[in-house]
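Trainee:
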Amino acid sequence: MFSIASRNFLAAFKGNTLNRAFLKSNLTFTHPASSFYRLLSTETKGKIEQAIQKDSICLFMKGTPSFPQCGFSRAVVAILQMQGIEAFHHVNVLEEDDIRSGIKEFSSWPTIPQLYIKGEFIGGCDILMTMHQNGDLEKLLLEKKLVEPVEESPSS
């Protein structure tokens, strides 16, 4: 079963024969069971799971929402704010090395920031940017009842 991030990544290559062939030949290297995967400690896995379950939205990022310490984290915070999400749980991965490396193993996603919505891994900055631009993020937030639909005022 693919995560939302994986499905979006695969959808980006749909119809492109060269990229489809590349994915077919390299897909096994992205799977958690690959030889590059190392087991998380029980303690780190527990910390990550606890953080993800703490709130409906959890962002593993560099810095804090009020003081992001990388451009990608800043972009994800801005995207969430544009979607009407002001308050969410965040984990500053710069404060704990085990979380910083562990979250990458936990999600099988190589970059930070990483967004979880209601316990499900959504993706990193690139995936969220695409979802924001094409409307999928708004649909997901509405579906999960994390934002209210915006009623458009009738034009005069």
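Counting in our numbering, the sequence shown runs from 17 upward without gaps. Using N, Cα and C, we set each Cβ at its ideal position, and we do this for glycine too. It should be emphasised that the depicted structure is a prediction, and the values quoted were computed from it without experimental measurement.
Measure the C-alpha to C-alpha separation of H47 and P126 and round it to an integer number of angstroms.
Mentor: Confidence at H47 is low in this model, with a pLDDT of 45, below 50, so its placement is unreliable and no value can be given for it.
Trainee: Would you grab the beta carbon distance between V109 and I119 for me? Rounded to a whole angstrom, and I think it's under 8 Å.
Mentor: Right, the Cβ-Cβ distance comes to about 7 Å (below 8 Å), so this counts as a contact.
Trainee: Rounded to whole angstroms, how far is the Cβ of H106 from the Cβ of P81, which I believe are closer than 8 Å?
Mentor: With 8 Å as the limit, H106 and P81 qualify as a contact, their Cβ atoms being about 6 Å apart.
Trainee: Taking 7 Å as the limit between beta carbons, can you name the residues of its chain near S89, skipping five residues before and five after?
Mentor: Counting only Cβ-Cβ distances below 7 Å, and skipping sequence neighbours, we find M77, K78, G79 and P129.
Trainee: Could you give the distance in angstroms between the alpha-carbon of F226 and the alpha-carbon of E102?
Mentor: Any property of residue 226 remains undetermined from this structure, which presents the chain solely from 17 to 172.
Trainee: With DSSP collapsed to three states, give me the class of Q85.
Mentor: The answer is coil: DSSP assigns Q85 none of H, G, I, E or B.
Trainee: Would a C-beta distance cut-off of 8 Å place K134 and K155 closer than the cut-off?
Mentor: Going by C-beta atoms, K134 is not nearer than 8 Å to K155.
Trainee: Is the beta carbon of L158 less than 8 Å from the beta carbon of L75?
Mentor: For L158 and L75, no; Cβs fall outside 8 Å.
Trainee: Check for me: the alpha helix (DSSP H) holding G121 runs from which residue to which?
Mentor: The sequence given here has Glu at residue 121, not Gly. It spans D113 to S123 - the alpha helix (DSSP H) in which E121 sits, taken as one unbroken run.
Trainee: What separation, rounded to the nearest whole angstrom, lies between the Cα atoms of M17 and Q66?
Mentor: Residue confidence for M17 is low, a pLDDT of 46 falling below 50, so the modelled location carries little weight; the figure read from the coordinates is stated next. Their Cα atoms are separated by approximately 23 Å.
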